[in-house]
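Trainee:
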Amino acid sequence: MLESTVPAEMRQVVSERRRLVRLSCEYDVNCYQGNQIFHATIQDISLGGMKIEVTKQLEQGSELEVSNPNPTEGKGDQRVTAQVRWFRVNNAGKAEAGLQFVDPPEVLGRSWVVSLLNRVGMQSQVFNQRKYTRAVADFPVDIISNDGEVYEGRCVDLGLGGALVDTAPVFEEGDTLLFRCLSFGIHGKLEAKSKVVKVKEMTDDYGTYALEFYNLDAATTKLLGRYVVDLLKLGRATRKKS
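Following the working numbering, the numbering of the sequence shown begins with 13 at its first residue and continues without gaps.
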């Protein structure tokens, strides 16, 4: 059982990761299990795990390492560790397996998984649809307008696709701005270009805005991933957009 192989402090994180959106894709990878190396194709992926098409039978509960489908020069053979949750042969006669990531959040947040999610569209508007989950947050941020004005605010929730923030009541839907957090835990400054996609609430004192991140580079995406998984590690509940 998963509970017997994942440390107790990780179980909440694993449970929350299961609720994150899975994105369809097709990337070839190598898998390593014991002294065996075999080919697989990623069919969908999320921060919680992935579904792969494989060339051999896999035992439920066993663990394996999955290579980076897009290795970058100078970073070597990056791998993530996953556990086989299920194995089946589909109606087309293809062998498939469902994998659950078991690496700690601080490791997963620095892995190729975050970059791949960004590449296949995790930062697109689909991530902001109501059925998808973000990590609840509560930390100070700066919201910087196009003319350079800096407004203090608080991040209410955070995901790889965007954030919900409380700040000055000066923005409208369609406005572009810069989301900035000087630090979070052990992580450094995060800056993300953002667009106001919805004004959730507006009073004389503050506005609550749904932001969509766009044009994130690989370094920013990885840092954002570390923020998100560490929020889950801290045990913050996650919620579905209402």
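Even glycine gets a Cβ: it sits at the ideal position worked out from N, Cα and C.
1. Taking its Cβ as the centre, do 16 or more other Cβ atoms sit within 10 Å of Asn103, making it buried, or is it exposed?
2. Note the first and the last residue of the continuous alpha helix (DSSP H) segment covering Leu129.
3. Need the endpoints of the beta strand (DSSP E) that Glu53 sits in, please.
4. Using a Cβ-Cβ cut-off of 6 angstroms (strictly less than) and excluding sequence neighbours within five positions of Lys106, which residues of its own chain qualify?
5. Beta strand (DSSP E) containing Val162: first to last residue?
6. In chain order, what residues of the same chain lie with their CB nearer than 6 angstroms to the CB of Asp150, ignoring the 5 residues before and after it?
7. For Tyr163, which residues of its own chain have a beta-carbon under 8 angstroms away from its beta-carbon, when the five flanking residues on both sides are left out?
8. Which whole-angstrom value is the C-beta distance of Leu170 and Tyr239, which I expect to be below 8 angstroms?
9. Taking the beta strand (DSSP E) that Tyr44 belongs to, which residues open and close that run?
10. Considering only C-alpha positions, which residue in the set Ala204, Gly200, Trp124, Gln48 is nearest to Asn227?
11. Name the one or two DSSP bridge partners that Thr233 has.
12. Of the residues Cys167, Ser123, Ser79, which one's Cα is nearest the Cα of Phe50?
Mentor: The short version:
1. exposed
2. 124-131
3. As written in the sequence, residue 53 is Thr, which differs from the Glu given in the question. Looking at the DSSP string, the run of the beta strand (DSSP E) that includes Thr53 is 48-57.
4. Glu65
5. 162-170
6. none
7. Correct list, in chain order: Asp154, Ile155, Ile156, Ser157, Thr179, Ala180, Val182.
8. 6 angstroms
9. 35-45
10. Ala204
11. Bridge partners of Thr233: none, in fact.
12. Ser79
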